[in-house]
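In the working numbering, the protein residues as written are 2 to 303.
Printed below as a string of structure tokens:
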């Protein structure tokens, strides 16, 4: 057994229930203790002999920041694997499919700007933001993953400025990149586990790589979905992952995030029915999660 723990994380109850249900069927996965810190529930145990802590962030970027940082403050975590549901931005996905993005972006770090007088299609960009756009445009020449920033109406995207130990100043970060070793483990796990299927028997699509986007909004608008695809080449959207990635990055914790598709964001006719597929999507994601945990356990020094 190592003295470092793996955090097994979900966003909300259907996802945690899927993880707990899977562990309940295994002789070598146990939850031995439950502790509450500032009201947040953390389940402590082992997975095939290796220490784990299982918890839910709660929905939203603010909850994710709080719960993950507390976990890293209180427990000796060196790896974090998150599983949850997401809305598809890439229309190739259908409910139950899985995306494991390599990069995560914040999509609603923004400047809201007035239109120019007499021209509703042009905007009075503040000087500081105009300079930022020049920098972002130049950066795309050397970083192909940098967003292709453009506004959507009065909303003009920008980036979070991050600082961590050893840096003299904050740096703007267009995205956070998952740990290469954990991405490789996901690839190996996918080859070893049985095909993941829907209750109908249909085999799901699993993609490892690409881009995910995170924001403080539930995306249920087709035009905004198309904008996310255009600007970020996004595959999925949700409300926690980039925050989890940022907190892990600043704390030097390796991380990987699995997202199962619940719906095409804003793609339905009429009312959104994302909740219909929550449990199914959580179940498919849990199967890949267990495969990745198996790879983590076998890669650890015994």
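Idealized CB from N, CA, C, for every residue including glycine. Please read these numbers as outputs of a predicted model, since none were measured by experiment.
Put residue 199 into one of helix, strand or coil per three-state DSSP. As a working mapping, residue 199 is identified with position 198 in the chain shown. Residue 199: coil per DSSP, three-state reduction.
Nearest-angstrom Cα distance between residue 222 and residue 51? Along the chain shown, read from residue 1 onward, the residue named residue 222 stands at position 221. Along the chain shown, read from residue 1 onward, the residue named residue 51 stands at position 50. Their backbone Cα atoms lie some 42 Å apart in a straight line.
Relative to the alpha-carbon of residue 45, which residue among 26, 63 and 7 has its alpha-carbon at the smallest distance? Translated into the one-based positions of the chain shown, residue 45 becomes position 44. Measuring from the Cα of residue 45, the nearest candidate turns out to be 7.
At what residue ranges does the stretch 59 to 115 contain a whole run of the beta strand (DSSP E), taking only runs of 3 or more? 78 to 89, 99 to 101, 104 to 107 and 111 to 113
Does DSSP put residue 136 in a helix, a strand or coil? The residue you call residue 136 lines up with position 135 of the chain shown. The answer is helix: DSSP assigns residue 136 an H, G or I state.
With 16 other CB atoms within 10 Å as the buried threshold, where does residue 277 fall? Indexing the chain shown from 1 puts residue 277 at position 276. Its pLDDT being 46, under 50, residue 277 is placed unreliably in this model, and the value from its coordinates should be taken loosely. Exposed, by the Cβ-count rule.
Look at residue 261 and residue 59 and say whether their C-beta atoms are less than 8 Å apart. Here residue 261 refers to the residue found at position 260 of the chain shown. Here residue 59 refers to the residue found at position 58 of the chain shown. No, they are not a contact pair.
Using only the alpha-carbon positions, how far apart do residue 72 and residue 121 sit? If you number the chain shown from 1, residue 72 lands on position 71. If you number the chain shown from 1, residue 121 lands on position 120. The alpha-carbon atoms of residue 72 and residue 121 are separated by roughly 47 Å.
Is residue 85 buried or exposed, if buried means 16 or more other CB atoms sit within 10 Å of its CB? Numbered from 1 along the chain shown, position 84 holds the residue referred to as residue 85. It is buried - the Cβ of residue 85 has at least 16 other Cβ atoms within 10 Å.
Could you round the C-beta distance between residue 81 and residue 245 to whole angstroms and report it? I think they count as a contact, below 8 Å. Reading the chain shown from its first residue, position 80 is the one you call residue 81. Reading the chain shown from its first residue, position 244 is the one you call residue 245. With a Cβ gap of about 7 Å, residue 81 and residue 245 count as contacting.
Where do the ends of the beta strand (DSSP E) carrying residue 6 lie? For the purposes of this step, residue 6 is identified with residue 5 of the chain shown, where counting begins at 1. Per DSSP, residue 6 belongs to the beta strand (DSSP E) from 6 to 11.
Using a threshold of 8 Å, state whether the C-beta atoms of residue 100 and residue 263 are closer than that. On the chain shown, position 99 is the one that residue 100 refers to. On the chain shown, position 262 is the one that residue 263 refers to. No.
Option nearest residue 163 by Cα separation, candidates 15, 35, 249 and 40: For this step, residue 163 is matched to residue 162 along the chain shown. Nearest option by C-alpha distance: 249.
Would you identify the three-state DSSP class for residue 268, choosing helix, strand or coil? On the chain shown, position 267 is the one that residue 268 refers to. Any reading at residue 268 needs caution, since the residue's pLDDT is 46, under 50, leaving its predicted position unreliable; the model's value is listed next. If DSSP states are grouped into helix, strand and coil, residue 268 belongs with coil.
What's the call for residue 105, buried or exposed, on a 16-neighbour Cβ count within 10 Å? The residue you call residue 105 lines up with position 104 of the chain shown. Flag for residue 105 reads buried.
In DSSP terms, what residue 238 is bridged to: On the chain shown, position 237 is the one that residue 238 refers to. DSSP output for residue 238 lists 88 and 214 as bridge partner(s).
Along the chain, where does the beta strand (DSSP E) that runs through residue 45 open and close? Residue numbering aside, residue 45 sits at position 44 when the chain shown is read from its first letter. Looking at the DSSP string, the run of the beta strand (DSSP E) that includes residue 45 is 41 to 48.
What are the start and end residues of the beta strand (DSSP E) that includes residue 209? As a first step, residue 209 must be located in the chain shown, where it is residue number 208. Looking at the DSSP string, the run of the beta strand (DSSP E) that includes residue 209 is 207 to 209.
What are the boundary residues of the alpha helix (DSSP H) that residue 221 is part of? As a first step, residue 221 is located in the chain shown; it is residue number 220 there, counting from the start. Where residue 221 is concerned, there is no enclosing alpha helix (DSSP H), given that its DSSP letter is neither H nor E.
Quick one: what does DSSP say residue 52 is sitting in, helix, strand or coil? Residue 52 sits at position 51 when you count from the first residue of the chain shown. DSSP places residue 52 in the strand class (E or B) of the three-state scheme.
Beta-carbon proximity list for residue 95, same chain, < 7 Å, skipping 5 on both sides: Along the chain shown, one-based indexing puts residue 95 at 94. Counting only Cβ-Cβ distances below 7 Å, and skipping sequence neighbours, we find 262.
Where residue 42 and residue 83 are concerned, what is the direct C-alpha to C-alpha distance, given to the nearest angstrom? For the purposes of this step, residue 42 is taken as the residue at position 41 of the chain shown. For the purposes of this step, residue 83 is taken as the residue at position 82 of the chain shown. Distance between the alpha carbons of residue 42 and residue 83: 16 Å.
Proximity of residue 74 and residue 255 at Cβ, strictly below 8 Å: As a working note, residue 74 is residue 73 in the chain shown. As a working note, residue 255 is residue 254 in the chain shown. Their beta carbons are not under 8 Å apart, which means residue 74 does not touch residue 255 by this criterion.
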